[in-house]
């Protein structure tokens with residue numbers, strides 16, 4: 113029998129919900145919440161959080177805070193989100209990661225609340241204007257607005273973004289919007305590897321799969337530095353968006369090396385010695401350099 117994690121990766125959400133119906137394992141509750149969330153059943157996910165909050169706090173407080181606040185924002189319960197944040201802020205100190213998460217949450221809640229208010233303030237013509245803007249921030253804002261609108265109203269313009277927008281990251285965000293809306297049409301898409309045909313309904317979401325999970329676990333265990341791991345996770349996220357719908361599925365050692373070297377560049381502001389690193393860590397230098405350069409391109413593609 114597949115693990116709950118594997119079932120989530122395979123998008124077998126209903127089965128995960130069934131298997132965790134009577135569980136008493138706190139880690140299982142996180143998978144149950146994830147399954148409900150992926151199905152758009154935010155109320156059921158929130159109920160699971162509220163029913164098992166104390167167990168979830170002991171299991172992984174940082175993940176719980178992110179999940180709980182995100183769910184309340186998705187349900188547009190912003191006052192409850194602030195109340196929940198106040199509760200978590202008054203718990204005994206656990207770690208620096210938790211403290212940093214707590215610090216960023218007020219801005220996140222405020223941003224989501226403003227975004228929701230803005231939705232009712234923009235006409236269809238204004239959304240079109242933002243969608244066709246030369247300002248990247250305006251285009252991203254429009255794509256975000258469309259998450260709560262009828263995507264087919266704007267599909268013709270989104271199709272143009274998929275093949276004509278100069279920024280790969282924005283083309284990727286446009287495609288991911290159609291994936292989230294399960295648009296069942298064959299479309300042209302200009303990926304980082306060239307033009308291709310895609311059907312959004314048949315594409316996997318970008319942040320899933322055993323390879324990615326293993327990569328993130330290895331960053332934690334091998335870097336042994338929270339700041340490097342968090343920066344690495346951000347770089348991986350940017351990379352996955354940039355190459356979407358292509359995937360990371362090989363060369364894990366070289367990817368880890370490229371992430372570490374790029375972190376050095378960001379913090380020391382000089383070009384690391386890729387050849388020396390490849391030699392000392394028994395890595396393929398050409399492959400290591402390829403991923404380093406790809407991370408650099410992905411990280412700098414979207415300048416807002």
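Numbering (my numbering), first residue to last: 113 to 416. Just so you know, even glycine gets a beta-carbon here, dropped at the ideal spot from N, CA and C. As the structure is a computational prediction, the values presented were derived from the model and not from experiment.
Rounded to the nearest whole angstrom, the C-alpha separation of residue 199 and residue 277 is 44 angstroms. Assignment of residue 259 by DSSP, reduced to helix, strand and coil, places it in the coil class.
Positions of the beta strand (DSSP E) runs, each at least 3 residues long and wholly inside the segment 293-355, are given as 299-303, 306-310 in order along the chain. The alpha-carbon of residue 329 is positioned some 11 angstroms away from that of residue 368. The count of Cβ pairs closer than 8 angstroms, one atom from the segment 256-274 and one from the segment 335-343, stays below three, leaving the stretches out of contact. Here residue 151 carries a coil assignment [DSSP, helix/strand/coil]. Here DSSP, grouped into helix, strand and coil, assigns residue 118 to helix. The three-state reading of DSSP puts residue 170 in helix, counting H, G and I together.
When the beta-carbon positions are compared, residue 286 and residue 299 stay at least 7 angstroms from each other.
A Cβ-Cβ separation of about 15 angstroms leaves residue 160 out of contact with residue 177 under the 8 angstroms criterion. Between residue 410 and residue 350, the gap from beta carbon to beta carbon is short of 7 angstroms. Counting only runs that start and end inside the segment 172-208, there is no beta strand (DSSP E) element of at least 3 residues. Residue 279 has its alpha-carbon roughly 13 angstroms from the corresponding atom of residue 306. DSSP places residue 274 in the uninterrupted alpha helix (DSSP H) bounded by 267-276. A residue is called buried once 16 or more other Cβ atoms fall within 10 Å of its Cβ, and residue 393, having fewer, is exposed. For the 7 angstroms CB-CB criterion, residue 209 and residue 172 do not form a contact.
The beta-carbon distance between residue 122 and residue 143, rounded to whole angstroms, is 12 angstroms. This is too long to meet the 8 angstroms contact definition. In the three-state scheme derived from DSSP, where H, G and I count as helix and E and B as strand, residue 357 is classed as coil.
By the Cβ rule, the segment 398-408 counts as touching the segment 370-386, because three or more pairs are nearer than 8 angstroms. The C-beta of residue 229 has fewer than 16 other C-beta atoms within 10 Å across all chains shown, which makes the residue exposed. Judged by DSSP in its simplified three-state form, residue 234 adopts coil rather than helix or strand.
Residue environment for residue 301: buried (at least 16 other C-beta atoms within 10 angstroms of its C-beta). In the structure shown, residue 383 adopts coil according to DSSP, grouped into three states. When DSSP states are grouped into helix, strand and coil, residue 156 belongs to the helix group. No residue range can be given for residue 133, since it is assigned to no alpha helix (DSSP H) and is classified by DSSP as neither H nor E.
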